[in-house]
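Inspection log for the structure reproduced underneath, given as structure tokens.
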Amino acid sequence: MTDALLSIEHLEFRWPREREPVLDELNLSLSQAETVFLAGASGSGKSTLLALIGGLMVPTAGSIRLADQALETLGGAARDRLRADHVGIIFQQLNLLPWLDAFGNVRLGVRFSKRRRARVDDVDAAARQLLEAMELPASHWHRPANQLSIGQQQRVAAARALIGAPDLILADEPTSALDADRRDRFVELLFAQARAAGSAVLFVSHDRALAGRFDRQLELTALHRAGAAAC
Amino acid sequence: MLMQLARGSLVNRRWPVALTITTIAIAIALVVLVEQLRGQVREGFYRSVSGTDLIVGAPTAPVQLLLNTVFGLGDPNRNVSREAWQQIAADPRVAWTIPISLGDAWRGQRVIGTSSALFEHYRHGNRQPLAFAAGRAFEALDEVVVGAAVARRHGLTTGDELVLAHGSGNVSLHHHDDQPFVVSGVLAATGTPVDQSLYISLTAHRAIHRGWEQGVPPRRAPAADNRQRSLDADHDPHDHAAAHGNDAHAGHEHEDEDGHDHAADEDALPDQISAFYVGLNTRAAAFALQYEINRRDGEPLLAMLPGIALQELWRITAAAEGILRMVSALVVLAGLLGMLAALLSTLEERRREMAILRACGARPWQVSGLLVIEAALIVVLGMALGVALAAIGLWLAAPLLLDRLGIAVAFQPFEPWQWQVLATIAGTGILVALLPAAMAYRRTLSDGMQVRL
């Protein structure tokens with residue numbers, strides 16, 4: 005599995021002072037540019053898993069290799085750099101800094117990574133191109149983020165995650181606040197741009213209606229022991 | 336990069352931020368204003384006595400004599416006899432004396448009886464003599480020289496006539512409507528109480544009083560008759576000592592009720608003056624002469640060195656200044672604590688923003704650094720606004736100070752130690768911001784990406 009972008013082995017995570025682990029013996033791998041749907045109910049540890057992959061938390065046991073680096077061996081600063089360089093993140097909602105306009109929020113995606121900035125010739129041009137591709141009307145580009153609709157905000161968040169072509173997009177229930185039509189369109193646009201950028205997508209959702217569009221579908225509970233026990 | 340984000344964040348929270356900036360600005364304005372006024376009032380006081388070695392008056396507190404004579408605050412309640420003045424003026428160590436007769440006012444401005452020695456010998460500021468912006472010194476009995484501020488305020492120029500009254504209040508019980516004086520000269524501005532005064536000859540000063548004492552206005556004729564005559568007061572007091580040394584003017588001018596027609600001899604010097612300034616040939620003699628005058632037999636007198644009296648005054652005011660400084664320091668502290676409260680109150684709402692920044696790859700120190708940069712911007716803006724407010728405050732206070740003390744104040748560039756104080760305040764502000772920054776740092780680490788909404 006040398007071509008794996010992400011490989012997780014025997015992962016365990018336990019909150020301090022709690023006896024039961026949230027995640028236990030979890031194994032998962034993702035190839036370059038692969039799209040994976042990970043289904044899981046809320047509270048099943050989805051967000052914890054994404055935070056571990058993003059290097060925002062440290063596993064209590066096991067290993068996470070992302071872009072040929074073992075996260076558990078890296079210090080905080082190195083994990084932050086790895087995340088900035090290789091990962092784009094989309095939250096469920098309230099993704100944007102409210103005081104920046106849509107454009108500024110997209111630019112934020114390359115602000116903390118030299119590597120991702122180096123991948124685009126012109127940050128402004130890349131931001132414009134992504135906002136266009138995500139079908140945000142140009143008249144909205146310079147509106148403060150909190151004046152955009154939820155659907156528009158999610159598209160801006162996707163553009164921010166995609167700018168600078170990171171290797172992996174982590175999406176944590178990005179469509180749960182959208183109605184069905186807009187949800188489908190969002191996923192279509194996200195996929196198109198991820199494909200263009202060569203980014204893999206790990207899409208976590210409880211909404212299995214979307215699952216068919218992905219290269220692979222996984223159940224979080226099936227990936228690890230704690231999940232199986234919970235069922 | 337962080338700077339742009341900090342600016343955006345501040346603009347987003349513009350109203351609470353504006354309030355915080357205003358609080359700090361008011362605190363800084365107070366500090367700056369107090370320092371500016373303190374320094375300039377002191378300098379203004381020193382400027383007013385820069386060439387005077389001794390001031391001699393009737394016994395009282397040195398500070399009181401100084402305030403009475405130079406700064407026109409209050410009137411002395413006792414006088415100095417002409418004989419004593421002329422004796423001291425005759426001392427070989429004395430280069431010049433300037434007599435001062437107080438107690439008159441015109442529209443609230445002091446009318447001082449003096450001699451032409453004032454225009455020759457008085458020094459102000461950096462030892463500059465008085466200069467005439469227009470006209471010349473008084474020569475005739477009914478001529479008056481007006482200070483720059485008096486001339487400006489009342490639109491006086493040479494040749495204008497004005498009527499002088501007895502008493503130094505704005506409200507005078509008795510106006511000498513029939514004694515118009517003619518403005519013979521207007522002094523150039525000095526930035527000292529001289530600008531706020533009118534000067535007439537000792538003899539004219541006495542003549543006003545004569546009329547007042549008699550309860551009826553004196554005839555106008557003598558003043559007019561004598562207009563061409565040069566006044567004795569224009570000569571050096573040494574001459575008077577010779578010419579009038581044995582003059583038998585009896586008693587206090589205010590007790591002078593013997594019914595003589597004094598209007599006929601108004602060329603005579605008054606028997607008493609309020610005080611006189613002394614210039615010495617060598618300044619080193621000041622202490623010895625002061626000692627001798629204070630120990631003199633006969634009429635008791637007080638001689639004091641203006642510089643030392645001023646230092647005494649500063650000692651008196653130092654306690655008040657200390658309190659004022661402490662109050663301004665506390666106000667600055669309150670301003671900074673206000674900023675701390677404002678920053679702490681935003682921490683909760685910033686949690687989401689911090690998580691977003693973290694997700695975009697920001698390090699924890701960058702997230703907390705944002706708070707420090709915001710605090711620094713608030714402090715710097717507050718300080719800039721505060722200095723501007725102080726400048727405006729000084730500009731507003733200037734006419735009042737000019738009016739009350741005759742001291743001109745203007746915004747002065749900061750001295751190095753004042754810059755240090757401002758830098759210390761800025762540094763304290765940034766230190767204060769380290770608390771919310773540290774809290775933000777810890778939270779970003781523990782929150783990770785999970786933000787409970």
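From first to last, the protein sequence lines stand for chains A and B. The first sequence finishes on residue 235 if you use our numbering, and the numbering steps up by one all the way, no holes. The second sequence finishes on residue 788 if you use our numbering, and the numbering steps up by one all the way, no holes. Backbone N, C-alpha and C fix where the C-beta goes; we use that ideal spot for every residue, glycine too.
**Message:** Is proline 102 (chain A) close to chain B? Criterion is C-beta to C-beta, closer than 9 Å.
**Reply:** Residue numbering aside, residue 102 (chain A) sits at position 98 when the first sequence is read from its first letter. Yes, proline 102 (chain A) lies at the interface with chain B (some Cβ there is under 9 Å from its Cβ).
**Message:** Between phenylalanine 17 (chain A) and chain D, is any beta-carbon pair separated by less than 9 Å?
**Reply:** As a matter of chain content, chain D is missing from the structure shown, whose protein chains are A and B.
**Asked** Taking C-alpha atoms, which residue in A:Ser209, A:Gln97, A:Leu206 lies nearest to leucine 152 (chain A)?
**Response** Sequence index remark: in the first sequence, residue 152 (chain A) carries index 148 (1-based). Looking at the Cα atoms, A:Gln97 is the closest of the given residues.
**Prompt:** What are the start and end residues of each continuous beta strand (DSSP E) run of 3 or more residues lying completely inside the stretch 75-122 of chain A, in chain order?
**Reply:** 91-94
**Prompt:** valine 707 (chain B): beta carbon under 8 Å from a heavy atom of the ligand ZN?
**Reply:** The ligand ZN is not part of the structure shown, which contains no ligands of any sort.
**Message:** I'd like to know whether the C-beta of leucine 172 (chain A) is nearer than 9 Å to at least one C-beta of chain B.
**Reply:** The sequence position of residue 172 (chain A) within the first sequence is 168, counting from 1. Chain B contact via Cβ: absent.
**Asked** Listed from N- to C-terminal order along the chain, which residues in the stretch 99-124 of chain A have their beta-carbon within a distance smaller than 8 Å of any beta-carbon of chain B?
**Response** Asn99, Leu100, Leu101, Pro102, Trp103, Leu104, Gly108, Leu112, Gly113, Arg115, Phe116, Ser117
**Message:** Counting only Cβ pairs nearer than 9 Å, list the residues of chain A close to glutamate 688 (chain B).
**Reply:** As a position in the second sequence, residue 688 (chain B) is number 353, starting the count at 1. Here the neighbours are Leu101, Pro102, Trp103.
**DSSP state of alanine 71 (chain A) mapped onto helix, strand, coil** = Within the first sequence, the letter at position 67 stands for residue 71 (chain A). Residue state, collapsed to three classes: coil.
**Request:** Within its chain, find whatever has a CB closer than 7 Å to the CB of valine 367 (chain B); leave out the 5 residues flanking it on each side and keep chain order.
**Result:** For the purposes of this step, residue 367 (chain B) is identified with residue 32 of the second sequence, where counting begins at 1. Gly721, Val722, Ala725, listed in sequence order.
**Message:** Buried or exposed, going by whether 16 or more other CB atoms sit within 10 Å of the CB of glutamine 747 (chain B)?
**Reply:** The residue you call residue 747 (chain B) lines up with position 412 of the second sequence. Answer is exposed; the Cβ neighbour count stays below 16.
**Asked** Got a sec: is the Cβ-Cβ distance from leucine 788 (chain B) to anything in chain A below 9 Å?
**Response** As a position in the second sequence, residue 788 (chain B) is number 453, starting the count at 1. Its pLDDT being 36, under 50, leucine 788 (chain B) is placed unreliably by the model, and nothing is read from it.
**Prompt:** So which residues of chain A does asparagine 347 (chain B) contact, with C-beta pairs closer than 7 Å?
**Reply:** Along the second sequence, one-based indexing puts residue 347 (chain B) at 12. Those within 7 Å of asparagine 347 (chain B) in chain A are Pro102, Trp103.
**Request:** Would you mind telling me which residues of chain B sit closer than 7 Å to alanine 81 (chain A), beta carbon to beta carbon, in chain order?
**Result:** The residue given as residue 81 (chain A) occupies position 77 in the first sequence. What alanine 81 (chain A) touches in chain B: Arg698.
**Asked** Whole beta strand (DSSP E) runs in the stretch 113-188 of chain A with 3 or more residues, listed along the chain?
**Response** Considered as a whole, the stretch 113-188 of chain A harbours 172-176 as its complete beta strand (DSSP E) runs of no fewer than 3 residues, in chain order.
**Asked** Between the C-alpha atoms of isoleucine 651 (chain B) and glutamate 709 (chain B), what's the straight-line distance to the nearest angstrom?
**Response** Looking up residue 651 (chain B) in the second sequence gives position 316. Looking up residue 709 (chain B) in the second sequence gives position 374. Whole-angstrom Cα-Cα distance: 43 Å.
**Asked** Under 9 Å Cβ-Cβ, which residues of chain A neighbour glycine 343 (chain B)?
**Response** Position 8 of the second sequence, counting from 1, holds the residue named residue 343 (chain B). Ordered by position in chain A, the residues that pass the 9 Å Cβ test against glycine 343 (chain B) are Leu101, Trp103, Leu104, Gly108.
**Asked** Which residues mark the beginning and the end of the beta strand (DSSP E) in which proline 434 (chain B) is found?
**Response** The residue given as residue 434 (chain B) occupies position 99 in the second sequence. 429-441 is the extent of the beta strand (DSSP E) around proline 434 (chain B).
**Message:** Let me see if you follow: with CB-CB separation under 9 Å, is leucine 682 (chain B) close to chain A or not?
**Reply:** Counting from 1 along the second sequence, the entry for residue 682 (chain B) is found at position 347. Output row for leucine 682 (chain B): interface = no.
**Asked** Among all the DSSP beta bridges, which residues are the ones paired with isoleucine 535 (chain B)?
**Response** Residue 535 (chain B) sits at position 200 when you count from the first residue of the second sequence. According to DSSP, isoleucine 535 (chain B) bridges with B:Gly448.
**Message:** Quick check on the DSSP output: the alpha helix (DSSP H) that includes serine 48 (chain A) runs from which residue to which?
**Reply:** Looking up residue 48 (chain A) in the first sequence gives position 44. Note, serine 48 (chain A): premise wrong, no alpha helix (DSSP H); not H, not E.
**Request:** With a cut-off of 8 Å on the beta carbons, I'd call glycine 407 (chain B) and leucine 400 (chain B) a contact; round off their distance for me.
**Result:** Translated into the one-based positions of the second sequence, residue 407 (chain B) becomes position 72. Translated into the one-based positions of the second sequence, residue 400 (chain B) becomes position 65. Not a contact, Cβ separation roughly 12 Å.
**Asked** Along chain B, which residues have their Cβ under 7 Å away from the Cβ of aspartate 126 (chain A)?
**Response** As a first step, residue 126 (chain A) is located in the first sequence; it is residue number 122 there, counting from the start. Going along chain B, no residue has its Cβ under 7 Å from aspartate 126 (chain A), so there is no contact; the nearest lies around 17 Å.
**Asked** Using 9 Å as the limit for Cβ to Cβ distance, is aspartate 28 (chain A) near chain B?
**Response** The residue given as residue 28 (chain A) occupies position 24 in the first sequence. It does not; no Cβ of chain B falls within 9 Å.
**Asked** Helix or strand or just coil, what does DSSP make of leucine 227 (chain A)?
**Response** Taking the first residue of the first sequence as position 1, residue 227 (chain A) is located at position 223. Leucine 227 (chain A): helix per DSSP, three-state reduction.
**Asked** Per the contact definition of three or more C-beta pairs closer than 8 Å, is the stretch 434-454 of chain B in contact with the stretch 519-534 of chain B?
**Response** yes
**Message:** Taking 9 Å as the threshold (beta carbon to beta carbon), is leucine 354 (chain B) in contact with chain A?
**Reply:** Residue numbering aside, residue 354 (chain B) sits at position 19 when the second sequence is read from its first letter. Against chain A, the CB of leucine 354 (chain B) has no partner CB under 9 Å away; the residue lies outside that interface.
**Message:** Less than 9 Å between CB atoms is the rule here; does glutamine 371 (chain B) satisfy it with respect to chain A?
**Reply:** In the second sequence, residue 371 (chain B) corresponds to position 36, counting from 1. With 9 Å as the cut-off, glutamine 371 (chain B) does not count as an interface residue toward chain A.
**Asked** For glutamine 221 (chain A), which beta-bridge partners are listed by DSSP?
**Response** Residue 221 (chain A) sits at position 217 when you count from the first residue of the first sequence. DSSP lists A:Phe41 as partners of glutamine 221 (chain A).
**Message:** I believe leucine 172 (chain A) touches histidine 90 (chain A) by the beta-carbon criterion, under 8 Å. Please report the beta-carbon distance rounded to the nearest angstrom.
**Reply:** Within the first sequence, numbered from 1, the residue matching residue 172 (chain A) stands at position 168. Within the first sequence, numbered from 1, the residue matching residue 90 (chain A) stands at position 86. Right, their Cβ atoms sit about 6 Å apart.
**Request:** Would you list the residues sitting across from isoleucine 359 (chain B) in a DSSP beta bridge?
**Result:** Stepping through the second sequence from its first residue, residue 359 (chain B) is reached at position 24. According to DSSP, isoleucine 359 (chain B) bridges with nothing at all.
**Item:** Which listed residue (B:Leu769, B:Thr525, B:Gly482) has its alpha carbon closest to that of serine 519 (chain B)
**Value:** Walking along the second sequence from the start, residue 519 (chain B) turns up at place 184. It is B:Gly482 whose Cα lies nearest to the Cα of serine 519 (chain B).
**Prompt:** Does leucine 716 (chain B) get closer than 9 Å to chain A when you measure Cβ to Cβ?
**Reply:** The residue labelled residue 716 (chain B) in the question sits at position 381 within the second sequence. For leucine 716 (chain B), the nearest beta carbon of chain A is not closer than 9 Å to its own beta carbon.
**Asked** What three-state label does DSSP hand serine 503 (chain B) in the structure shown?
**Response** Position 168 of the second sequence, counting from 1, holds the residue named residue 503 (chain B). Note that serine 503 (chain B) has pLDDT 47, beneath the 50 cutoff, so the model's placement of it is unreliable and the number below is only indicative. If DSSP states are grouped into helix, strand and coil, serine 503 (chain B) belongs with coil.
**Message:** Suppose you measure from the CA of glycine 80 (chain A) to the CA of alanine 71 (chain A); what does that come to, to the nearest Å?
**Reply:** Here residue 80 (chain A) refers to the residue found at position 76 when the first sequence is read from its first residue. Here residue 71 (chain A) refers to the residue found at position 67 when the first sequence is read from its first residue. When rounded, the distance between both Cα atoms is 17 Å.
**Straight-line Cα distance separating alanine 122 (chain A) from leucine 712 (chain B)** = In the second sequence, the residue the question calls residue 712 (chain B) occupies position 377. In the first sequence, the residue the question calls residue 122 (chain A) occupies position 118. Leucine 712 (chain B) and alanine 122 (chain A): Cα-Cα distance of roughly 31 Å.
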